[in-house]
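So the sequence shown is numbered by full-length UniProt numbering: it starts at 1 and just counts up by one. All C-beta atoms, glycine included, are put in the ideal place defined by N, C-alpha and C. Here the structure is a predicted model, which is why all the values come from computation and not from measurement.
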Amino acid sequence: MQRILKYHLLLEKLIQETQPNHEDYRGLERAKEAMVDVAQYINEVKRDSDTLQIMKDIQASISDWNMPNNTELKDYGRLLKDGELRIRAHNDQKVKVRYVFIFDQVMLMCKAQRGDQYSYKESLLLCEYKVEDVSNRRTLQRDSRWNYQWYLVRKSERTAYTMYARTEDLKRKWIKAIQDALDNIEPAGCRNTDHKFVMYTFEKPSTCSHCSKFLKGRIFQGYRCDRCFIGVHKACIPYSGRCGAKQPPELPPRPPLVTTPTDVPSQPVQPVPPMPADWGRTWTDHQVLAEYLWFVGEMGRDRATNLLERQMDGTYLLRIRPQGPTHPNETIYALSLKTDDKVKHMKVYEREMEGTQHFYLSESRFFRSLVELISCYEHTSLGENFIGLNVRLKWPFRRIVAVAEFDFNPVESNQLPLKQGCQVIVLSKEGDHKGWWKGKIQDRVGFFPKVYVREVSDTFNMDLG
Numbered sequence: 001m002q003r004i005l006k007y008h009l010l011l012e013k014l015i016q017e018t019q020p021n022h023e024d025y026r027g028l029e030r031a032k033e034a035m036v037d038v039a040q041y042i043n044e045v046k047r048d049s050d051t052l053q054i055m056k057d058i059q060a061s062i063s064d065w066n067m068p069n070n071t072e073l074k075d076y077g078r079l080l081k082d083g084e085l086r087i088r089a090h091n092d093q094k095v096k097v098r099y100v101f102i103f104d105q106v107m108l109m110c111k112a113q114r115g116d117q118y119s120y121k122e123s124l125l126l127c128e129y130k131v132e133d134v135s136n137r138r139t140l141q142r143d144s145r146w147n148y149q150w151y152l153v154r155k156s157e158r159t160a161y162t163m164y165a166r167t168e169d170l171k172r173k174w175i176k177a178i179q180d181a182l183d184n185i186e187p188a189g190c191r192n193t194d195h196k197f198v199m200y201t202f203e204k205p206s207t208c209s210h211c212s213k214f215l216k217g218r219i220f221q222g223y224r225c226d227r228c229f230i231g232v233h234k235a236c237i238p239y240s241g242r243c244g245a246k247q248p249p250e251l252p253p254r255p256p257l258v259t260t261p262t263d264v265p266s267q268p269v270q271p272v273p274p275m276p277a278d279w280g281r282t283w284t285d286h287q288v289l290a291e292y293l294w295f296v297g298e299m300g301r302d303r304a305t306n307l308l309e310r311q312m313d314g315t316y317l318l319r320i321r322p323q324g325p326t327h328p329n330e331t332i333y334a335l336s337l338k339t340d341d342k343v344k345h346m347k348v349y350e351r352e353m354e355g356t357q358h359f360y361l362s363e364s365r366f367f368r369s370l371v372e373l374i375s376c377y378e379h380t381s382l383g384e385n386f387i388g389l390n391v392r393l394k395w396p397f398r399r400i401v402a403v404a405e406f407d408f409n410p411v412e413s414n415q416l417p418l419k420q421g422c423q424v425i426v427l428s429k430e431g432d433h434k435g436w437w438k439g440k441i442q443d444r445v446g447f448f449p450k451v452y453v454r455e456v457s458d459t460f461n462m463d464l465g
């Protein structure tokens with residue numbers, strides 16, 4: 001246990017000793033983040049274990065309280081504040097001294113007895129009440145020590161209580177505890193979602209459907225939607241998306257395969273959705289390429305170098321060279337790739353073969369489209385074209401992050417499995433018209449149904465200005 005709690009420190013040291021552009025750097029960061037999450041989970045479970053014992057002791061100290069069957073004090077949430085107040089119920093006008101416990105869902109009013117024992121008098125479900133502050137007005141009473149008051153008013157307006165504290169500071173603390181409880185019952189983030197979230201105790205270790213981190217503790221670790229049953233942290237409620245039905249949307253038609261041309265060596269090429277029929281004739285129209293996240297339009301060599309040298313190894317882009325072709329068979333396009341702490345620029349060439357334009361980096365392999373060229377080298381080493389460049393195209397310069405809202409189990413080898421709540425890096429929307437996007441999870445790349453995910457605000461390098 002103690003060693004696990006220190007793993008993130010060891011990983012932090014490894015990160016400090018690793019260059020940011022090293023291929024393992026991001027993996028180390030993810031490992032550290034995961035171990036921090038595990039350590040926080042363990043610490044919160046230990047803290048809640050102590051809290052549960054305290055609540056058990058409180059429950060044992062209160063007499064004359066007939067709790068509902070199969071209910072314990074812990075079922076009302078964590079203890080937020082306790083102490084002595086003077087309370088006047090408006091239906092009898094008599095001020096009474098009460099020892100008050102505020103939990104997430106209920107306020108208990110007791111009469112203090114000897115030896116930390118209490119006699120139960122009344123309980124209020126806080127969801128039925130609201131706080132009304134009496135702005136700094138002091139009341140004139142014979143006991144001037146209890147002059148700071150506020151109201152606890154039932155929302156139906158039928159019942160109200162005036163509560164008195166000894167000092168202005170104590171009054172503020174009591175009001176804050178009640179307001180915190182009310183916000184726990186109905187978080188502000190719930191107003192902007194159609195989920196029906198309620199505080200919930202997860203019996204087994206569970207993770208948040210938004211951030212994928214543990215829901216920490218032993219009681220009321222987070223919130224669960226009564227409709228679709230997803231669990232989230234309180235802070236993640238605003239990002240929980242729309243409430244989904246139990247069944248995911250209908251799958252679109254499967255992404256079609258692209259056959260390998262006869263003049264291309266028989267090495268495997270990742271299938272891509274079909275290109276327009278006139279692609280070979282209109283390839284110079286770069287507006288068609290704007291659909292792909294690796295295309296950045298017109299950009300000079302120096303600008304591309306400056307942008308890519310800050311990226312991780314394997315990040316690439318296809319650009320239009322401002323100077324245009326300078327030698328026979330050159331196109332206006334260049335492929336730029338970050339690798340081994342430097343940026344490699346590769347010209348794209350063209351050649352007419354059997355009446356059709358083909359594109360290539362070297363004569364080792366030819367392609368009928370630029371998309372086919374890029375797709376191939378996402379899975380095949382560029383070493384067949386350039387000596388010593390034994391790398392693949394890994395990360396488009398522009399990237400979008402999406403979160404899976406449903407599980408997806410592939411039925412084809414070129415499809416990407418999804419787990420609800422997992423993050424997907426969208427590599428391309430090239431199959432958008434068919435209902436599919438292309439994405440990457442860890443080292444696996446494939447197509448997935450776009451209706452199964454939602455884009456999040458985390459985008460990378462979308463602004464090239």
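Checklist entry - Between the C-alpha atoms of residue 455 and residue 333, what's the straight-line distance to the nearest angstrom? => result If you number the sequence shown from 1, residue 455 lands on position 455. If you number the sequence shown from 1, residue 333 lands on position 333. Approximately 30 Å between the Cα atoms of the pair.
Next on the checklist: Nearer than 6 Å: is that true of the beta carbon of residue 451 relative to any heavy atom of the ligand GDP?
Outcome noted: With respect to the ligand GDP, the structure shown offers nothing to examine, as it has no ligands at all.
Next on the checklist: Just verifying my parser: in three-state terms, what is the DSSP assignment at residue 48?
Outcome noted: Taking the first residue of the sequence shown as position 1, residue 48 is located at position 48. It is helical.
Checklist entry - If you draw a straight line from the C-alpha of residue 420 to the C-alpha of residue 238, how long is it? => result Taking the sequence shown and counting its residues from 1, one reaches residue 420 at position 420. Taking the sequence shown and counting its residues from 1, one reaches residue 238 at position 238. Residue 420 and residue 238: Cα-Cα distance of roughly 17 Å.
Next on the checklist: Whether or not the segment 16 to 23 and the segment 184 to 197 are in contact is what I'm after, with contact meaning three or more pairs of Cβ atoms, one per stretch, closer than 8 Å; do they touch?
Outcome noted: Contact between the segment 184 to 197 and the segment 16 to 23 is not established, with fewer than three Cβ pairs separated by less than 8 Å.
Checklist entry - So the beta strand (DSSP E) residue 180 belongs to, where does it begin and stop? => result Taking the sequence shown and counting its residues from 1, one reaches residue 180 at position 180. In the DSSP assignment, residue 180 falls outside any beta strand (DSSP E) and lies within the alpha helix (DSSP H) extending over 168 to 185.
Checklist entry - Can we say the segment 425 to 440 touches the segment 400 to 412, given the rule of at least three CB pairs closer than 8 Å? => result yes
Checklist entry - Mind checking residue 54: buried by the 16 CB within 10 Å criterion, or exposed? => result On the sequence shown, position 54 is the one that residue 54 refers to. Residue 54 is exposed by the Cβ-count criterion.
Item to check | Residue environment, residue 450, which counts as buried when at least 16 other CB atoms sit within 10 Å | outcome: Here residue 450 refers to the residue found at position 450 when the sequence shown is read from its first residue. Residue 450 comes out buried.
Checklist entry - From what residue to what residue does the beta strand (DSSP E) around residue 428 run? => result Locating residue 428 in the sequence shown gives position 428, counting from the first residue. It spans 423 to 428 - the beta strand (DSSP E) in which residue 428 sits, taken as one unbroken run.
Next on the checklist: Run through the DSSP bridge pairs and tell me what residue 352 is partnered with.
Outcome noted: As a position in the sequence shown, residue 352 is number 352, starting the count at 1. Residue 352 is bridged to 357.
Checklist entry - Excluding sequence positions up to five away, which residues of its chain have a Cβ less than 8 Å from the Cβ of residue 243? => result Position 243 of the sequence shown holds residue 243. Contacts found: 193, 194, 195, 196, 225, 227 and 228.
Checklist entry - Under the DSSP definition of a beta bridge, which residues are partnered with residue 439? => result Position 439 of the sequence shown, counting from 1, holds the residue named residue 439. The partner list for residue 439 (beta bridge, DSSP) reads 426 and 446.
Checklist entry - Going by beta carbon distance, what residues of the same chain come within less than 6 Å of residue 347, once the five residues before and after it are set aside? => result As a working note, residue 347 is residue 347 in the sequence shown. If the five residues before and after residue 347 are omitted, its C-beta is found closer than 6 Å to the C-beta atoms of 330 and 334, all from its own chain and listed in chain order.
Item to check | Where residue 150 falls: helix, strand or coil (DSSP) | outcome: Reading the sequence shown from its first residue, position 150 is the one you call residue 150. Here residue 150 sits in strand by DSSP.
Item to check | Other residues of its chain near residue 295: CB distance less than 6 Å, five sequence neighbours each side excluded | outcome: Here residue 295 refers to the residue found at position 295 when the sequence shown is read from its first residue. Closer than 6 Å at Cβ, skipping near neighbours: 289 and 318.
Checklist entry - How many angstroms separate the CA atom of residue 115 from the CA atom of residue 38? => result Here residue 115 refers to the residue found at position 115 when the sequence shown is read from its first residue. Here residue 38 refers to the residue found at position 38 when the sequence shown is read from its first residue. The straight-line gap from Cα to Cα measures roughly 40 Å.
Checklist entry - DSSP state of residue 18, grouped into three classes? => result Translated into the one-based positions of the sequence shown, residue 18 becomes position 18. In the structure shown, residue 18 sits in coil (DSSP, three-state: anything other than H, G, I, E or B).
Next on the checklist: Excluding the 5 residues flanking residue 123 on each side, which residues of the same chain have their C-beta closer than 6 Å to its C-beta?
Outcome noted: Here residue 123 is taken as the residue at index 123 of the sequence shown, counted from 1. Excluding residues within five positions, the ones whose Cβ falls inside 6 Å are 106 and 108.
Checklist entry - So is residue 311 buried or exposed if we call it buried at 16+ other beta carbons inside 10 Å? => result Your numbering for residue 311 matches position 311 in the sequence shown. Buried.
Next on the checklist: In the DSSP output, what is residue 295 paired with across the bridge?
Outcome noted: Residue mapping note: residue 295 aligns to position 295 of the sequence shown, counting from 1. Paired residue(s): 318.
Next on the checklist: Considering only DSSP beta bridges, list what residue 395 is partnered with.
Outcome noted: The residue you call residue 395 lines up with position 395 of the sequence shown. Looking at the DSSP assignment, residue 395 forms a beta bridge with 315.
Checklist entry - Based on Cα-Cα distance, which residue from 203, 199 and 252 lies nearest to residue 235? => result Numbered from its first residue, the sequence shown carries residue 235 at position 235. Considering only alpha carbons, the answer is 199.
Next on the checklist: According to DSSP, simplified to helix, strand and coil, what is residue 55?
Outcome noted: The residue you call residue 55 lines up with position 55 of the sequence shown. Three-state DSSP puts residue 55 in a helix.
Checklist entry - Count the other CB atoms within 10 Å of the CB of residue 299; is the residue buried (16 or more) or exposed (fewer)? => result Position 299 of the sequence shown, counted from the start, is the residue given in the question as residue 299. Residue burial annotation: residue 299 is buried, with at least 16 other C-beta atoms found within 10 angstroms of its C-beta.
Item to check | Counted within 10 angstroms of its Cβ, other Cβ atoms place residue 446 as buried (16 or more) or exposed | outcome: By one-based count along the sequence shown, residue 446 stands at place 446. The residue is buried, with at least 16 neighbouring Cβ atoms inside 10 Å.
Item to check | Residue of 349, 354, 126 and 389 minimising C-alpha distance to residue 360 | outcome: Taking the first residue of the sequence shown as position 1, residue 360 is located at position 360. Here the closest residue by C-alpha is 349.
Checklist entry - Can you check whether the CB of residue 65 is closer than 7 Å to the CB of residue 120? => result To locate residue 120, count along the sequence shown from 1; it is residue 120. To locate residue 65, count along the sequence shown from 1; it is residue 65. Going by C-beta atoms, residue 120 is nearer than 7 Å to residue 65.
Item to check | Chain-order list of residues whose beta-carbon lies under 7 Å from that of residue 145 (same chain, five-residue window excluded) | outcome: Counting from one through the sequence shown, the residue named residue 145 turns up at place 145. Only 166 meet the Cβ criterion.
Item to check | Other residues of its chain near residue 89: CB distance less than 6 Å, five sequence neighbours each side excluded | outcome: Along the sequence shown, read from residue 1 onward, the residue named residue 89 stands at position 89. Same-chain partners within the cutoff: 161.
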